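Down below is the structure, laid out as structure tokens.
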Amino acid sequence: MLKLTLLTLSSVAALVFGDVLKVSAAVLNSSFESGNFQSWSTAGQVTVEDANFGVTPQDGTYQAVLETLQDTTGVGGSDLENFLGLTVGSLTDLGVTEGSAIKQTVTLKAGDIISFSWNFLTDQDPSENSYNDLGFFVLNGFTPLADTTEAANLSLFTRLSRETGYKTASITVQAAGIYLLGFGVVDVDKTDSGDTAVNSALLIDNISVTSVPEPLTLLGVATAALLGTVFKRNLS
Ligand SMILES: [Ca+2]
Ligand SMILES: [Ca+2]
């Protein structure tokens with residue numbers, strides 16, 4: 032009987048504390064450690080690379096590499112808008128000619144914090160404003176991460192000369208829902224001549240979702256802790 036009670040209490044505590052675990056499984060294959068794009072949909076030129084690529088992954092062995100290819104991905108600006116569920120014109124109006132992207136659908140709660148590591152690389156001369164390639168993410172709309180003017184460091188990846196270096200982005204989710212989470216890199220030509228030359232890439236790794244415990248869960252933890260105290264006292 033005593034054993035059963037102990038077991039029950041520890042099970043309850045495990046359940047309750049389990050809820051408080053910070054990282055949720057909202058994003059599948061979130062660090063690309065499968066070595067491929069399992070659980071993701073892809074468009075254009077995308078590969079999963081280890082450190083032999085020239086840039087060391089931020090978490091584990093693998094990272095996602097999205098490129099604008101040498102020199103055409105076959106995926107135009109409108110195709111990418113369609114693929115990523117973006118409003119018509121959100122990319123093409125910026126002069127996006129083509130690019131590559133990955134996406135998956137995620138279920139998120141209000142207050143969840145989604146974070147990821149990213150690195151934008153390019154061969155494009157930053158002074159050529161008309162060809163300002165960029166990397167971006169999508170979560171309920173399109174948000175730029177970096178363009179060619181921000182890739183100030185020399186890149187270790189032999190095919191592209193400069194990089195921003197790995198950085199971390201964090202976004203707080205405002206409302207619960209099912210979201211399209213996407214990442215993309217695009218060739219830009221603001222002269223409207225459809226230039227797809229001179230490449231850029233976006234590296235993504237270590238995506239995580241941190242959930243804020245709900246008030247009810249916190250109450251549960253407090254109750255479990257209190258029960259534990261009472262139980263200890265009865266034993267002594
Ligand atoms: Ca990884
Ligand atoms: Ca370009």
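For the record, in the sequence shown the residue sitting at position 7 is 38 according to my numbering, with numbers rising by one throughout. Virtual Cβ for every residue (Gly too), placed ideally from N, Cα, C. In this text, all values refer to a predicted model and were calculated from it rather than measured experimentally.
Per the DSSP calculation, residue i is bridged to which residue(s)?
i: S61; result: BP columns for S61 are empty, so no partner.
i: L233; result: L97, F151
i: A200; result: F147
i: G213; result: K134, V169
For my contact list, residue i and residue j are in at a C-beta cut-off of 8 Å; report their separation, rounded to the angstrom.
i: A232; j: L176; result: About 12 Å separates the two Cβ atoms, so there is no contact after all.
i: G130; j: G75; result: 6 Å
i: V86; j: N150; result: 6 Å
i: E194; j: S201; result: 21 Å between Cβ atoms; not a contact.
So which of the options has the shortest CA-CA distance to residue i?
i: T199; options: F168, E64, Q205; result: F168
i: I235; options: V77, L187, S70, I144; result: V77
i: D110; options: D90, G85, T73; result: T73
i: P154; options: F63, N163, S148; result: Here residue 154 turns out to be Asp, not Pro, going by the sequence shown. Answer by Cα proximity: N163.
i: D143; options: N60, T195, V219, Y210; result: Y210
i: N60; options: N83, Y197, A95; result: A95
i: L115; options: W71, N83, G91; result: W71
i: R190; options: D90, T99, F68; result: T99
i: D223; options: S192, E64, L125; result: L125
i: S158; options: D178, N171, N113; result: D178
Flag this pair as yes or no: are the beta carbons of residue i and residue j separated by less than 8 Å?
i: L97; j: F214; result: yes
i: V229; j: V58; result: no
i: V127; j: V217; result: yes
i: Y93; j: V106; result: no
i: V204; j: I145; result: yes
i: L139; j: G208; result: yes
i: I238; j: S62; result: yes
i: Q69; j: S148; result: no
i: G108; j: T123; result: yes
Relative to ligand 4, is the shortest distance from any of its heavy atoms to the C-beta of residue i smaller than 7 Å?
i: F68; result: As far as ligands go, the structure on display features ligand 1 and ligand 2 and does not contain ligand 4.
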